[in-house]
Amino acid sequence: MLISSNYLLAKARRGRYAVPAFNINNLETLQAVMAAAQEMKSPVIVQTSEGAIAYAGMEMLVAMVRVAAQAKIPVVLHVDHGKHVELIKQAIRVGYTSVMFDGSALPWKENVKITKQIVRLAHAKHVSVEAELGMIKGVEDLVSVAERDAVLTDPEQAAEFVAQTGCDSFAVAIGTAHGAYKFKGKTHLDLERLERIAGLVQQPLVLHGASGVLEDVVQLAEHYGAELEAARGVLDQDIKQAIKRGISKINIDTDLRLAFTAGIREATTDLPRVIDPRELLAPAVRCMKDVAQRKMKLFGSAGKA
Ligand code: G3H
Ligand code: 13P
Ligand code: ZN
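Per our numbering, the sequence shown starts with residue 7, numbered consecutively.
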């Protein structure tokens with residue numbers, strides 16, 4: 007069943023677990039995520055970036071997810087990091103049930119103005135809106151309080167932003183970064199900042215850049231020729247602490263990319279005679295499904311569908 011994020015995230019916030027939001031670009035990733043969610047009885051957010059939409063086409067993505075969402079679990083179709091108002095409008099028109107407006111690079115006034123506009127359009131169609139303030143990037147090199155404050159989400163500003171815009175959920179910048187190279191040294195999330203944001207913002211909070219860059223998946227990929235030295239993700243223990251402190255939606259893209267490409271590398275090495283793409287893609291789907299299931303257990307969403 008295809009629904010908006012609101013009910014799922016409110017329930018997750020009350021229940022102190024987080025709903026996984028997986029980025030998809032193609033059929034195989036969607037198959038893996040949906041198989042995992044159905045087996046784990048987990049709600050799931052399927053999200054597509056502007057890049058995914060450029061790659062696969064919005065109508066194609068909507069059609070695939072509509073069919074996949076006939077499953078007996080709650081499914082959300084969400085625009086991830088939407089930066090263009092026209093694209094978001096189109097997504098609302100063609101059947102997305104949730105959208106993110108990412109105005110994090112804009113000056114405050116403009117971010118508030120456009121987020122408000124999107125909220126008005128989206129709510130008229132019962133579509134939920136995620137918004138963002140602060141920059142999602144690694145902060146190891148930022149040692150002074152002033153430097154960190156310039157990048158990470160300020161709790162008071164967050165409360166003001168959410169009140170002014172009326173957004174339904176709010177993406178926090180607390181030290182995570184997108185991609186496989188998040189931290190040079192020890193991983194560090196500003197959990198104290200998260201706690202202060204959660205104390206001031208009633209809306210569900212979203213953690214981006216949350217992939218763990220799982221050691222066994224990296225090892226498998228490297229065994230089959232990938233070069234991933236220095237790749238480093240968010241620790242499981244930090245994810246658990248973040249959920250305890252109010253995170254209700256967690257975005258995962260990189261871990262699925264690593265799993266997909268590890269599976270592809272394995273297949274092309276181990277099955278040199280196979281020319282059927284379905285057989286070559288099978289290990290990739292298996293690997294992504296396994297990763298998705300592990301996330302559902304870690305986030306506490308298993309059994310919550
Ligand atoms: O937040 C970014 C996601 O990982 C999407 O990445 O824009 O390459 O699809 P992409
Ligand atoms: P990762 O790169 O850590 O998977 O983060 C994905 C994300 O935040 C998508 O919006
Ligand atoms: Zn993100």
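Heads up, the beta-carbon is just placed ideally off N, CA and C, and yes, glycines get one too. The structure presented is a predicted model; accordingly, all values stated were derived computationally and were not measured.
How would you label residue i, buried or exposed, when you count the other beta carbons within 10 angstroms and need 16 or more for buried?
i    : result
E92  : exposed
D242 : exposed
P26  : buried
V168 : buried
E235 : exposed
I98  : buried
P49  : buried
T121 : buried
G88  : buried
T54  : buried
I258 : buried
V125 : buried
Y102 : buried
E162 : exposed
T275 : exposed
K78  : exposed
D282 : exposed
K188 : buried
M302 : buried
S150 : exposed
P278 : exposed
P289 : buried
R300 : buried
G309 : exposed
V81  : buried
G231 : exposed
My assumption, with CB atoms under 8 Å, is that residue i sits in contact with residue j. Please give the rounded CB distance.
i    : j    : result
D160 : E136 : Not confirmed; about 18 Å, so no contact.
S110 : E153 : No, S110 and E153 are not in contact; Cβ-Cβ is about 17 Å, not under 8 Å.
L304 : A248 : Going by Cβ atoms, the distance from L304 to A248 rounds to 11 Å, so no, they are not a contact pair.
K295 : I51  : Not a contact, Cβ separation roughly 17 Å.
A38  : A298 : 6 Å
L286 : A273 : 4 Å
I203 : V178 : 6 Å
L33  : R72  : Not really, about 13 Å apart at Cβ, beyond 8 Å.
M106 : V85  : 6 Å
L206 : A165 : 4 Å
Kindly examine the ligand G3H and report whether one of its heavy atoms sits closer than 7 Å to the Cβ of residue i.
i    : result
D282 : no
Can you tell me which of the three DSSP states residue i falls into?
i    : result
L264 : helix
F189 : coil
G218 : coil
K255 : strand
T121 : helix
R238 : strand
S11  : helix
A27  : strand
T54  : strand
D86  : strand
V168 : helix
M106 : strand
A179 : coil
E233 : coil
V71  : helix
A137 : strand
V91  : helix
V297 : helix
V207 : coil
V100 : helix
V151 : helix
L112 : coil
V81  : strand
L200 : helix
Can we count residue i as close to the ligand ZN, meaning its CB is less than 7 Å from some heavy atom?
i    : result
I142 : yes
Using a Cβ cut-off of 8 Å (strictly closer), state whether residue i contacts chain B.
i    : result
P283 : Structure shown: chain B not included; a single protein chain is present.
Say the cut is 7 Å; is the CB of residue i nearer than that to a heavy atom of the ligand 13P?
i    : result
S134 : no
A60  : no
S217 : yes
Closer than 7 Å is what we want: which residues have a beta carbon that near any heavy atom of the ligand PLP? List them in chain order. Ligands displayed in this structure: the ligand G3H, the ligand 13P and the ligand ZN; the ligand PLP is not among them.
Just checking, does the region 261-271 make contact with the region 220-240 on the three C-beta pairs under 8 Å criterion? Contact between the region 261-271 and the region 220-240 is present, with at least three C-beta pairs closer than 8 Å.
Okay, do the region 207-214 and the region 7-24 touch, 3+ Cβ pairs below 8 Å being the bar? For the pair of segments examined, the region 207-214 was found to touch the region 7-24: the number of CB pairs separated by less than 8 Å reaches three.
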